[in-house]
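Just below is one structure, and these are the notes that go with it.
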Amino acid sequence: MSRLIVISNRVKRPGTGAEQGGLAVALSSALRESRGIWVGWSGETTERFTGQIAFNEDSGVKTATIDLEEQDVDEYYNGYANKTLWPLFHFRIDLAEYARDFEGGYNRVNERFADTASPLIEPEDVVWVHDYHMIPLGQMLRDRGHKNRIGFFLHIPWPPTRLLVSLPHHSVLVETLFAYDVVGFHTEEWLESFRHYAEREMGGTVSGDFITVGNRTIQAVACPIGIDTQEFVAASNSEEAAIMREQVDVSMQGRSLIVGVDRLDYSKGLEERFNGYARLLKDNPECHRNVVLLQIAPPSRGEVESYQEIRATLDSLAGRLNGEYSDVDWTPIRYVNQGYPRDRLAGVYRAARIGLVTPLRDGMNLVAKEYVAAQDPEDPGVLVLSRFAGAALQLKDALLINPYSPEEMADAILKALAMPLEERKRRWRKMMDSVEQQDVIWWRTCFTGRLTGEVLNPAEAETA
Ligand code: GDG
Numbered sequence: 132m133s134r135l136i137v138i139s140n141r142v143k144r145p146g147t148g149a150e151q152g153g154l155a156v157a158l159s160s161a162l163r164e165s166r167g168i169w170v171g172w173s174g175e176t177t178e179r180f181t182g183q184i185a186f187n188e189d190s191g192v193k194t195a196t197i198d199l200e201e202q203d204v205d206e207y208y209n210g211y212a213n214k215t216l217w218p219l220f221h222f223r224i225d226l227a228e229y230a231r232d233f234e235g236g237y238n239r240v241n242e243r244f245a246d247t248a249s250p251l252i253e254p255e256d257v258v259w260v261h262d263y264h265m266i267p268l269g270q271m272l273r274d275r276g277h278k279n280r281i282g283f284f285l286h287i288p289w290p291p292t293r294l295l296v297s298l299p300h301h302s303v304l305v306e307t308l309f310a311y312d313v314v315g316f317h318t319e320e321w322l323e324s325f326r327h328y329a330e331r332e333m334g335g336t337v338s339g340d341f342i343t344v345g346n347r348t349i350q351a352v353a354c355p356i357g358i359d360t361q362e363f364v365a366a367s368n369s370e371e372a373a374i375m376r377e378q379v380d381v382s383m384q385g386r387s388l389i390v391g392v393d394r395l396d397y398s399k400g401l402e403e404r405f406n407g408y409a410r411l412l413k414d415n416p417e418c419h420r421n422v423v424l425l426q427i428a429p430p431s432r433g434e435v436e437s438y439q440e441i442r443a444t445l446d447s448l449a450g451r452l453n454g455e456y457s458d459v460d461w462t463p464i465r466y467v468n469q470g471y472p473r474d475r476l477a478g479v480y481r482a483a484r485i486g487l488v489t490p491l492r493d494g495m496n497l498v499a500k501e502y503v504a505a506q507d508p509e510d511p512g513v514l515v516l517s518r519f520a521g522a523a524l525q526l527k528d529a530l531l532i533n534p535y536s537p538e539e540m541a542d543a544i545l546k547a548l549a550m551p552l553e554e555r556k557r558r559w560r561k562m563m564d565s566v567e568q569q570d571v572i573w574w575r576t577c578f579t580g581r582l583t584g585e586v587l588n589p590a591e592a593e594t595a
């Protein structure tokens, strides 16, 4: 088995940290198994960039990280990645900022990552680059003479061509993807949009999984990411989870718990979720006192203005809703801006009658899968899921909703609250089958199998 070199923006120890992104959670097991190196940003900022590489080994995962300087963080991370690409790729063209400095900083930092990774890469290594922060990195490694198999995986949606062309120099950015051997997306929908761009904007030709533009042919595939299901089931049966569940149950006094867990991000549809819940309370007085929405939303990207705005909006919505409906012994929303260790989070999922996952756009959404994995098979809760999450294509037995419609959301919550045990069990079993079969190892095999030529198509990876 070839050694795997993973390169991603943040290199962070998976485990109990509060601010865990889906990427960190998913990659940890993949890296441990392949005995690879994880290269990226330490998360630290220094006054002047030194280029010094820090090597570490943490829970069996070797890491090589660099610090970035303030200007890098402003232009590359907060700038091009999170003020330009993230909103645009999540269909929020209204929030996307196009500044030349951002683009310059993005390329400069990618060159820095290429300089960092380049001396670590040996000829037989397989290199796997992750996400929108690092699109041009493969090209930069080619420029440094690396002939390895290099793959790229995008964890967020690929936008429709009509939106993407609003990005200045979009073709320069997308062309760099053709330096990779394999480019992966979570769903057929995102893959389809990518193919459309290649054909319409680049004059490319598509043949099966292969796309040719000029003299470069790449393989473009859909491999939906999964969770470490076994570990998550174990977490939900842990002592810590039981303590948390007990704590929540006692505080609920027999009421039904609805839970949401999301990074505080406008793409997650939190405002729409609060509005849907408000609609439920407005139209169904019999629900008053009988339900509680617990929304866990650890803040993220707080230096970006649009994130400050969504936070202020949610503060005010939660306050208004509680002001309007609370009673001396009932508060309809518990809105929590802190994160919890993984085991405790699993206990919260288990305690909840409903998992409410309502992103407006989401590459995949791991919370939906975690909620399913954490349920008690004998008395499972119901997942209410946005049809705009990549996960909706696999979790078809969730109650799928349009998150822009408060009525649909309210109706789905009512339906979930009234759902008979047999139906809950039936739906849960089907979702759990998917979460078990297409877990994080399956995902890794699906992608790296293509990269190393060991697996010819994702259907074969399924039985691997
Ligand atoms: C990106 C894409 C794609 C959240 N709060 C706590 C906590 N979390 C963990 C969840 C979950 C992860 O963070 C969030 O993952 P998501 O998939 O929901 O969303 P993004 O962070 O936006 O991830 C997404 C993903 O990449 C992977 O490809 O699915 O579409 O946007 O694992 O559990 N974890 C802990 N405490 C918290 O309070 N321990």
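What the sequence shown shows, in my numbering, is residues 132 to 595, in sequence order.
Glycine included, every Cβ here is placed at the ideal spot set by N, Cα and C.
From Arg394, Val142 and Arg484, residue whose alpha carbon lies closest to that of Val515: Among Arg394, Val142 and Arg484, the Cα nearest to that of Val515 belongs to Arg484.
Can you check DSSP and say which residues form a bridge with Ile138? Note: Ile138 sits in a beta bridge opposite Val170 and Val260.
Are Gly167 and Val137 touching if we call contact CB-CB under 8 Å? Taking 8 Å as the Cβ cut-off, Gly167 and Val137 qualify as a contacting pair.
For ligand 1, any of its heavy atoms closer than 7 Å to the Cβ of Pro472? Yes, Cβ of Pro472 sits closer than 7 Å to a heavy atom of ligand 1.
Report the residue from Phe363, Val423 and Cys354 whose alpha carbon sits nearest the alpha carbon of Gly494. Looking from the CA of Gly494, the closest CA among Phe363, Val423 and Cys354 belongs to Cys354.
Does the segment 285 to 305 come within contact of the segment 324 to 341, defined as at least 3 CB pairs closer than 8 Å? With a cut-off of 8 Å, the segment 324 to 341 and the segment 285 to 305 count as touching, because enough Cβ pairs lie within range.
What does the Cβ neighbour count give for Gln439, buried or exposed, with the cut at 16 atoms within 10 Å? With fewer than 16 Cβ atoms within 10 Å of its Cβ, Gln439 is classed as exposed.
Count the CB pairs spanning the segment 355 to 367 and the segment 435 to 449 that are closer than 8 Å, and state whether there are at least three. The answer is no - the segment 435 to 449 does not touch the segment 355 to 367, with fewer than three Cβ pairs under 8 Å.
According to DSSP, Gly269 sits in a beta bridge with which residue or residues? Partner(s): none; Gly269 has no beta bridge.
With a floor of 4 residues, list each alpha helix (DSSP H) that falls wholly inside the segment 451 to 485, ordered by position along the chain. Listed in chain order, the complete alpha helix (DSSP H) runs (minimum 4 residues) inside the segment 451 to 485 are 473 to 482.
Enumerate in chain order the residues of its own chain whose CB-to-CB distance from Tyr535 is below 7 Å, with the five nearest sequence positions on each side excluded. Here the set comprises Glu403.
Exposed or buried, Phe316, counting other C-beta atoms within 10 Å across all chains shown (16 or more means buried)? Looking at its Cβ environment, which holds 16 or more other Cβ atoms inside 10 Å, Phe316 is buried.
Let's see if you can read the secondary structure: which residues bound the beta strand (DSSP E) around Arg347? In the DSSP annotation of this structure, the continuous segment of the beta strand (DSSP E) that includes Arg347 starts and ends at Arg347 to Ala353.
Take Ala522 and list the residues in its own chain whose beta-carbon comes closer than 6 Å to its own, dropping the five residues that flank it on each side. If we look at Ala522 and ignore the five residues flanking it on each side, its Cβ neighbours are Met495, Asn496 and Ala499.
Under 8 Å between the Cβ atoms of Arg481 and Gln506? Their beta carbons are under 8 Å apart, which means Arg481 touches Gln506 by this criterion.
Since Arg555 contacts Asn533 with CB under 8 Å, what's their CB separation in whole angstroms? Cβ atoms of Arg555 and Asn533 stay farther apart than 8 Å, at about 22 Å.
Can the beta-carbon of Gly282 be found closer than 8 Å to that of Leu582? Taking a C-beta distance under 8 Å as the contact criterion, Gly282 and Leu582 qualify as a contact pair.
Asp189: first and last residue of the uninterrupted beta strand (DSSP E) it sits in: Annotation for Asp189: the continuous beta strand (DSSP E) segment containing it runs Ala185 to Asp189.
Where does Ser431 sit, in a helix, a strand or coil, going by DSSP? In the structure shown, Ser431 adopts coil according to DSSP, grouped into three states.
Say the cut is 7 Å; is the CB of Pro250 nearer than that to a heavy atom of ligand 1? Not one heavy atom of ligand 1 sits closer than 7 Å to the Cβ of Pro250.
Looking at the unbroken alpha helix (DSSP H) that takes in Leu548, where does it start and where does it end? Unbroken alpha helix (DSSP H) run through Leu548: Pro537 to Ala549.
Per-residue DSSP class, three states only, for Thr247: Annotated three-state conformation of Thr247 is helix, per DSSP.
Let me check you understand the geometry: is the CB of Pro508 closer than 7 Å to at least one non-hydrogen atom of ligand 1? No, the beta carbon of Pro508 sits no closer than 7 Å to any heavy atom of ligand 1.
For Asn187, collect the residues of the same chain with a Cβ closer than 7 Å to its Cβ; drop the 5 residues on either side in sequence, then sort them by chain order. These residues qualify, in order along the chain: Thr194.
Give the C-beta separation of Gly407 and Ala541 to the nearest angstrom, bearing in mind that I take them to be a contact with Cβ-Cβ under 8 Å. Contact between Gly407 and Ala541 holds: CB atoms are separated by about 6 Å, below the 8 Å threshold.
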